[in-house]
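Step one of this worksheet: look at the structure below.
There are 2 protein chains.
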Amino acid sequence: MNQQGILSPETFLSHWQGHRHLTRRVIEAFPEAQLFTFTAAPPMRTFGELAWECYGVAAYTLSGLVTDEWPAPDLNGPSPQDKRALLAAWDALTARLDAELLTVPPSRYDEMKVMFWGTMTAFTAAIYAVDNEIHHRAQGYVYLRALGIEPPPFYERGQVPVSA
Amino acid sequence: MNQQGILSPETFLSHWQGHRHLTRRVIEAFPEAQLFTFTAAPPMRTFGELAWECYGVAAYTLSGLVTDEWPAPDLNGPSPQDKRALLAAWDALTARLDAELLTVPPSRYDEMKVMFWGTMTAFTAAIYAVDNEIHHRAQGYVYLRALGIEPPPFYERGQVPVSA
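As given, the protein sequences belong to chains A and B, one line each in that order. In this text, residue positions in the first sequence follow my numbering: the first is 6, and each later residue adds one. In this text, residue positions in the second sequence follow my numbering: the first is 6, and each later residue adds one.
Following this line, the structure appears as C-alpha cells:
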C-alpha cells in the first residue's frame, strides 16, 4: 500500500460484525414458516438459503484470511432448513470472527490471492463477504415487507466492538 | 489509527466506483415505464426514488469528505422522475468522485465528525454511503426479478480505476 491506510483491522472487524448483527436480526424477524419457503420474486431463493450462503462465504473468507489457504469452496456443506440451526451457526461464527480476525497480519490484506473465482487481494475477498451479505440481506428486507413485516432499521448495527 | 491500515484511498475509490458502476447498470436495466412507478412490496419506494437517494447520499458524503463541512442535508433537492436525468446526474458525480476523492487527506477518515444523524468518523460516513447503495440496489434486484428481468451479476463491477 503506497499511501496511508484509512481502515484499521479493528474497525474492519467492527464493520463486519455490525453488519452480521443486523443480518441476524433480519433472520430472526422471519416467521419460521416463511424463512425457508417464501420468495418475493421467483426464481429467487428463500431468505433462509441466502442467509446460509452469507454464513458460508463469511466462514470461508475468515478461514482464508487466518490460514492464508484458499481452497476450492465446499458448496455442499450442511445447511438445514431450520431457523435455530442457522442462528446457532451464525453465533458460533460471530465468536470465531471476534477471536480470530485480528490475528491476521495486516500486510496480508494487500497480497494477491488465487481463488476459485479469480485472483484478487485478500482485502477484496474480505469486503466482498461483507458486501454480499448486505446485498442478500437487503433482498430479505423486500421479502419481509412483502410479508407485511417491518425490518430493523438499516443503520442499526447493534452492540459491536468499539472501533479503534 | 493505532495499527497498520488495510485499505488505501485509491482502493476505496475503486471500491466505491465499482459499486456505482453496477448500480448504474441496474438503473439502466429498468424499463422507463417502471423505474418511477413499480415497487415489489408496498410501501417500499420505487427504484428510481431509491437510486436518487443513493445519488444524494454519495454527493453529500463526497462534499463532506472534500470540504470537511457536514451541514444538515438538503433532502428536497431536485430528483426528476426521469431516467435520463438520473443517469446524467449519476455520470456527473462519477466524474466528480474521480477528480476529488483522492484530494481528501487520508488522516481525515479517522477523525470524528458531528453530522445531522450522529457523531461518527468520516470513514464510517464514507462506507455508509457505499453500503446504503448496495442495500437499495439489492432491492432493485428483487424489483427486476419481479418484473421478469435478469439483473447484472453482483460481482461484475465493470471498468473501474486500478486499485493501488
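For each residue, glycine too, the CB sits at the ideal point set by N, CA and C. Predicted model only: the values in this text are computed from it and were never measured.
What's the C-alpha gap between residue i and residue j?
{"i": "P78/B", "j": "L55/A", "result": "34 Å"}
{"i": "P47/B", "j": "E105/A", "result": "42 Å"}
{"i": "A169/B", "j": "Q9/A", "result": "With a pLDDT of 36 at A169/B, under the threshold of 50, the modelled position of this residue cannot be trusted, and the question is left open."}
{"i": "L152/B", "j": "W75/B", "result": "39 Å"}
{"i": "A143/A", "j": "S112/B", "result": "32 Å"}
{"i": "W57/B", "j": "P83/A", "result": "40 Å"}
{"i": "L91/A", "j": "P85/A", "result": "7 Å"}
{"i": "R101/A", "j": "E116/B", "result": "29 Å"}
{"i": "L67/A", "j": "P156/A", "result": "27 Å"}
{"i": "E161/A", "j": "T16/A", "result": "16 Å"}
{"i": "P158/A", "j": "D96/B", "result": "29 Å"}
Hey, residue i and residue j are a contact pair by Cβ (cut 8 Å); roughly how many whole angstroms apart?
{"i": "F43/B", "j": "Y148/B", "result": "6 Å"}
{"i": "I11/A", "j": "L98/B", "result": "That belief does not hold up - the Cβ atoms of I11/A and L98/B are roughly 20 Å apart, past 8 Å."}
Return helix, strand or coil for residue i, following the three-state DSSP convention.
{"i": "G5/B", "result": "This structure cannot speak to residue 5/B, because chain B is shown only from 6 to 169."}
{"i": "V109/B", "result": "coil"}
{"i": "G61/A", "result": "helix"}
{"i": "T124/B", "result": "strand"}
{"i": "E37/A", "result": "helix"}
Just tell me which of the options has its CA closest to the CA of residue i.
{"i": "L18/B", "options": "A143/B, A63/B, F121/B", "result": "A63/B"}
{"i": "Q39/A", "options": "H141/A, L91/A, G53/A, G123/A", "result": "G53/A"}
{"i": "P36/B", "options": "Q144/B, W21/B, D87/B, G10/B", "result": "D87/B"}
{"i": "N137/A", "options": "L12/A, D96/A, W21/A", "result": "W21/A"}
{"i": "R29/A", "options": "T72/A, R89/A, Y65/A", "result": "R89/A"}
{"i": "V109/A", "options": "D73/A, E161/A, R150/A", "result": "D73/A"}
{"i": "V71/B", "options": "E33/B, D103/B, V135/B, Y133/B", "result": "D103/B"}
{"i": "M49/B", "options": "M49/A, R150/A, I154/A", "result": "R150/A"}
Can you list, in chain order, the residues of its chain with a C-beta nearer than 7 Å to that of residue i? Leave out the 5 residues immediately preceding and following it.
{"i": "A94/A", "result": "Y60"}
{"i": "G145/A", "result": "V31, F52, L55"}
{"i": "H140/A", "result": "none"}
{"i": "A45/B", "result": "V147, Y148, A151"}
Among residues of its own chain, excluding the 5 on either side of residue i, which ones have a beta-carbon nearer than 6 Å to its beta-carbon?
{"i": "P14/A", "result": "L107, P111"}
{"i": "Y114/B", "result": "A127, F128"}
{"i": "A134/B", "result": "V62, A63, T66"}
In chain order, what residues of the same chain lie with their CB nearer than 8 Å to the CB of residue i, ignoring the 5 residues before and after it?
{"i": "G123/B", "result": "none"}
{"i": "L27/A", "result": "R142, P157, F159, E161, R162, G163"}
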